[in-house]
Amino acid sequence: MLKRILQSLLTVMTLFVAGSIQAQTPAFPGAEGFGRYTTGGRGGTVYHVTTLEDTGTQGSLRWACNQEGTRTIVFDVSGTIHLKSELRLRHENVTIAGQTAPGDGICIADYPFVISTDNVIIRFIRFRLGNKEVANHEGDGLGGMDLENIIIDHCSVSWSIDECLSVYGSKNLTVQWCIASQSLREAGHSKGRHGYGGNWGGSGASYHHNLIAHHDSRTPRLGPRPSTQTDERMDMRNNVIYNWHGEGCYGGEAMNVNIVNNYYKPGPATDGTTKQQRIAKIGIRTTDYCTEDDGSWNEWQPTWHKWGTFYVNGNVNPAQPNVTQDNWTYGIYNQFDDNSKLDNMLTDEAKEEMRLDAPITFTNVTTHSAEDAYERVLEYAGASLRRDWVDELIVNDTRNGQATCTGTKSNIPGIIDSQDDLKQAFTDAGDDWSAWPELASEPAPTDTDQDGMPDEWEDANGLDKNNAADGATIGADGYSNLEKYMNSLVQDIMDGGNEGGTMLSGNEEYDGEGGGDEPSQSVVYVLDNTTYTTSSADGYTWNFNNGFSVSNEAGKAYGKESGTDLVKYSAEQFTINIPEGKKVTKVSFYGYNKYADKDSYIAELNGLEYGETYYVFPAKDNDQAVYRTHDIELATPAEGSMTFTIKGKQCALKISLYTDISTGISDITVERKPTGKIYNLQGMEVKEPLRPGIYIRDGKKFIKR
């Protein structure tokens, strides 16, 4: 009964979040899961990559990534870009369209590519790291965490020194139709052996139709982040997992996870019956994990001794038919660590409560049976517009249950130690052999106005090849003309992958045709340099064209951050003055800390105080701004005015104010010291000390200030 109550609470809260989203356009046809409404660079500036050299000058990928503003990055060349240092994507609202490369496509090599900003679409790119530069980094192949609105589609990631594909700990995230293969086990990492597939998780995170092959462990690691640990909602379905060696899939501490219709295929490195039967080894945050050496709590205290909840169904293991028939007994319950390592928290009651009878809320994923997904993933996953020989080898190994290559140090079949171990696959490899496939380039199609659309395509579709503005024009279907062109390049792949599947959604959404209640409308007001109008005579009140204003009593005049649309806010308290008739229900802060010597953070909002680890704007990294977005739901709507306080150093920020969202939940009662059993908004029991926020007791919400 308690389990059903908690599940209902989780569903209600997720529907509340979904209710604030109007009917929207997916990132592209075939974009699914929680990240499907990511807009990326839609309607923005187009930047052309014209060289494979990592110079940072115009025409290079690094130059395009470092641009600010809404933008789409297209490619006029194919081949491998050997990075000279880590490439960190820092500025929001970007689409990287690998499918536009003329020829065999794009590969990024030698140094990590890291997503450090929000609203990002990445499609049809290869990330093949290698350990040539292990003395200079120990990074992931493709990484990103603590983000919002991200979708990774049809990418291939391999040869990581740490994890291959670790995009996690984020809100509204999808990783779909990717291949993560051959992480390096003994590649020179300072901590020794690695070889990890990736960390997965987030506050609304979908991972579907991916191939994870030839890893020592973390296939995947169900990994909560401190920023999302009390709101971990992850849907993992239709993935193919092959030839894991060590822990395989494990973790899930205090997470809420669907594990549905995945295909687990043990390989020659998957030794031992128990390991071969594994779906996931579920863990818990122990006292040792949640405390410092002096006994004080660390950042993991909110999920101390809390089991996650899991819906596990329809998973197939062709080598272990018992698992296929009974996912829970063999794939989950038989996999736990010894109870002494779990603080003796594993009880029969805990086992019952962690097992859900129905999935947690998920959203819009074309779902196949595990067997059908196996065939679809092997056919279409990865950078499959033109597959290179590395992906072909991985797919063939998976299909045939073999390991073409063996680690020269580890001597484990399929688990390699260096990209150079792939030389075993060639009988005629010379001294100049390179693991990175040669990706042939073709002449880029003529694009007179440089709007990203070839002249021939514009002519065929009634556009003006001499007018760059028409690429950004958005049609009735919600897509820009440029997006329509880019989508057309790979639509057969998207359609082929989804063929035969059923679109499933774990909640009821408005489809515009009576398929559900129309969501309540939300209006967002932005306070930045584009909406700023005037200041008061003394300069301490700043007026914006939407009726809002910001004032302070610290003598701080309005200041625009140079080169951006952001506004400078010192480490002081500010008051946002709200026009009559409007109620603010959520505030989003986007921007960065202007200084390198100290972190900044939101210390107070609308009277609620927050600690220095919650809503942080990190100090500059090597003089580079570290952008962050922090969304904060207000415990009670703000009318008339509200305050916010920054501590640390001056920040450059864009503030977005969300108004008039109807929750559909009963009125909040305000109490400062609740007693009895308390749950967070995800239905998980929590214990004091409580951080400021909204909690549930006896079916009603209350505020902890």
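Under the working numbering, the first residue of the sequence shown carries the number 674, and numbering increases by one thereafter. From the three backbone atoms N, C-alpha and C, an ideal C-beta is built for every residue, glycine too.
Check, Outcome
"Measuring straight from C-alpha to C-alpha, what distance separates Gly-814 and Pro-702?", "26 Å"
"Are the beta-carbon atoms belonging to Ala-942 and Lys-979 less than 8 Å from one another?", "no"
"Could you check which residue in Ala-953, Tyr-936 and Arg-906 has the C-alpha nearest to that of Gly-924?", "Ala-953"
"For a quick check, are the C-beta atoms of Ile-795 and Leu-820 less than 8 Å apart?", "no"
"To the nearest angstrom, how far is the alpha carbon of Gly-1212 from that of Arg-1301?", "28 Å"
"Tell me Glu-1282's beta-bridge partners as DSSP assigns them.", "Glu-1277"
"Counting only the same chain and skipping the five closest in sequence on each side, list residues whose C-beta sits under 6 Å from that of Thr-743.", "Gly-714, Gly-717 and Asn-766"
"Of all the options Ile-1088, Leu-1051 and Lys-1014, which has the alpha carbon lying nearest to the alpha carbon of Ile-1166?", "Leu-1051"
"State the CB to CB distance for the pair Ser-1091 and Leu-857, rounded to an integer number of angstroms; the pair is presumed to be in contact (CB under 8 Å).", "6 Å"
"If we ignore side chains and look at the alpha-carbon of each, how far apart do His-862 and Asp-1238 end up?", "41 Å"
"Would you mind reading off the limits of the alpha helix (DSSP H) that contains Asp-1132?", "1128-1133"
"Given a cut-off of 8 Å on the beta-carbon distance, is the pair Thr-892 and Trp-917 in contact?", "yes"
"Given that a residue counts as buried once 16 or more other Cβ atoms are within 10 Å of its Cβ, and exposed if not, what is Asp-1296?", "exposed"
"Using a Cβ-Cβ cut-off of 7 Å (strictly less than) and excluding sequence neighbours within five positions of Tyr-1053, which residues of its own chain qualify?", "Trp-850, Ile-1166, Gly-1169 and Gly-1170"
"Given a cut-off of 8 Å, decide if Val-848 and Thr-1071 are closer than it, judged by their beta-carbon atoms.", "no"
"DSSP state of Gly-919, grouped into three classes?", "strand"
"Using only CA atoms, which one of Ala-992, Val-1299 and Gly-1284 lies nearest to Phe-1290?", "Val-1299"
"By a C-beta neighbour count over all protein chains shown, 10 Å radius and 16 as the cutoff for buried, is Val-793 buried or exposed?", "buried"
"Using the C-alpha atoms, what's the distance from Arg-761 back to Gly-708?", "20 Å"
"Using a 10 Å radius around the Cβ and a threshold of 16 neighbouring Cβ atoms, would you call Thr-946 buried or exposed?", "exposed"
"Determine the direct distance from the alpha carbon of Asp-889 to that of Ser-1083, and round the result to whole angstroms.", "10 Å"
"Between Glu-1226, Ala-1230 and Gln-1323, which has its C-alpha nearest Trp-1215's C-alpha?", "Ala-1230"
"Using the C-alpha atoms, what's the distance from Gly-812 back to Asn-804?", "10 Å"
"Determine the burial state of Pro-1118: buried for a count of at least 16 other Cβ atoms within 10 Å of its Cβ, exposed for fewer.", "exposed"
"Can we say the region 1058-1071 touches the region 1031-1039, given the rule of at least three CB pairs closer than 8 Å?", "no"
"Sorted by chain position, which residues of the same chain lie with C-beta nearer than 6 Å to Thr-997's C-beta, five sequence neighbours on each side aside?", "Val-989 and Asn-990"
"I think Ile-746 touches Ile-769, with their Cβ atoms under 8 Å apart; what is that distance to the nearest whole Å?", "5 Å"
"Given a threshold of 16 other Cβ atoms within 10 Å of its Cβ, counted over all protein chains shown, does Trp-970 qualify as buried or as exposed?", "exposed"
"Got a sec? Which residues, its chain only, sit under 6 Å from Lys-1233 by beta carbon, not counting five neighbours each side?", "Asn-1202"
"So for Glu-1181, helix, strand or coil by DSSP?", "With a pLDDT of only 33 at Glu-1181, under 50, the local geometry of the prediction cannot be trusted, and the value read off the model is given with reservation. Coil, per DSSP."
"For my contact list, Gly-871 and Ser-839 are in at a C-beta cut-off of 8 Å; report their separation, rounded to the angstrom.", "5 Å"
"Please state the DSSP three-state secondary structure of Ser-1013.", "helix"
"Judging by CA-CA distance, which residue of Ile-824, Gln-740, Ala-853 and Phe-1217 is the nearest neighbour of Ile-834?", "Ala-853"
"Where does Ala-782 fall in DSSP's three states?", "strand"
"If we ignore side chains and look at the alpha-carbon of each, how far apart do Ile-1005 and Arg-894 end up?", "14 Å"
"Flag this pair as yes or no: are the beta carbons of Gly-729 and Ser-751 separated by less than 8 Å?", "no"
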